[in-house]
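Just below is one structure, and these are the notes that go with it.
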Amino acid sequence: MAPEMRSPRGNDQWKKPSMAEEDALQREELRRRRVEVCKTVAKDVAKKAVLYGVMAIYTVLGGYAFVALEQTNERELCSANENLYEKMELDAAQSLWKMSRSYPDPDEQESQRVLIQGQMEAFRNNVMTLNYDGRNCSMLGTSNGTAYSWNFPAALLFSVTVFTTVGLLLA
């Protein structure tokens, strides 16, 4: 029921508002509610837009940070593995050379073959353990060399994975 209003004549008589006045009051109340709902929705959308914007910026910055950190690490690891491989290769070659010089007698070819095969297996196993793929590390990331494993799309995906993992842990 609508509230009663004072008479426009100024006397103390109370009268019930007319239908037109009630409709106007209801429309005004409805408009006020709509404005409040729109303000609330706009505030929530703005908060989420800012949150997603900040998260997108952090994701892109995280991608660049991971690229910078991991490419440096990849280059150092590649160089270290390349140096170890070259040392193992040189040691194996010297060992094979000594073996070939120590068995000049053709009757001992079978024992020489077994020793050489053992040396080659040891070299292969060491290389497999080292996990060196044979690329030239000084050319890593150049136009003529091999590309880095950590490029921006991979780092961006990793950055998103970090956000989703942290989000799951905090939820």
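Every position in the sequence shown, counted from 1, becomes a number in our numbering once 1316 is added.
We put the beta carbon where it would ideally sit given N, CA and C, even for glycine.
Let's see if you can read the secondary structure: which residues bound the alpha helix (DSSP H) around residue i?
| i | result |
| --- | --- |
| residue 1336 | 1335-1418 |
| residue 1438 | 1425-1446 |
If you draw a straight line from the C-alpha of residue i to the C-alpha of residue j, how long is it?
| i | j | result |
| --- | --- | --- |
| residue 1469 | residue 1439 | 36 Å |
| residue 1332 | residue 1368 | 53 Å |
| residue 1408 | residue 1394 | 21 Å |
| residue 1412 | residue 1380 | 47 Å |
| residue 1317 | residue 1350 | For residue 1317, the predicted structure reports a pLDDT of 48, less than 50, and the residue's modelled location is therefore unreliable. The matter cannot be settled from this model. |
| residue 1360 | residue 1453 | 51 Å |
| residue 1348 | residue 1378 | 45 Å |
| residue 1354 | residue 1334 | 30 Å |
| residue 1442 | residue 1433 | 14 Å |
| residue 1358 | residue 1366 | 12 Å |
| residue 1425 | residue 1417 | 12 Å |
| residue 1342 | residue 1481 | 50 Å |
| residue 1462 | residue 1435 | 31 Å |
| residue 1423 | residue 1437 | 23 Å |
| residue 1345 | residue 1356 | 17 Å |
| residue 1336 | residue 1373 | 54 Å |
| residue 1410 | residue 1473 | 46 Å |
| residue 1384 | residue 1364 | 30 Å |
| residue 1406 | residue 1455 | 22 Å |
Taking residue i as the reference, which of the options has the closest Cα?
| i | options | result |
| --- | --- | --- |
| residue 1471 | 1481, 1382, 1358 | 1382 |
| residue 1476 | 1342, 1371, 1340, 1347 | 1371 |
| residue 1404 | 1446, 1341, 1348 | 1446 |
Is the separation between the beta-carbon of residue i and that of residue j shorter than 9 Å?
| i | j | result |
| --- | --- | --- |
| residue 1450 | residue 1391 | no |
| residue 1415 | residue 1400 | no |
| residue 1448 | residue 1398 | yes |
| residue 1479 | residue 1388 | no |
| residue 1466 | residue 1386 | yes |
With a threshold of 9 Å between beta carbons, is residue i in contact with chain D?
| i | result |
| --- | --- |
| residue 1405 | In summary, chain D is missing from the structure at hand, where a single protein chain is found. |
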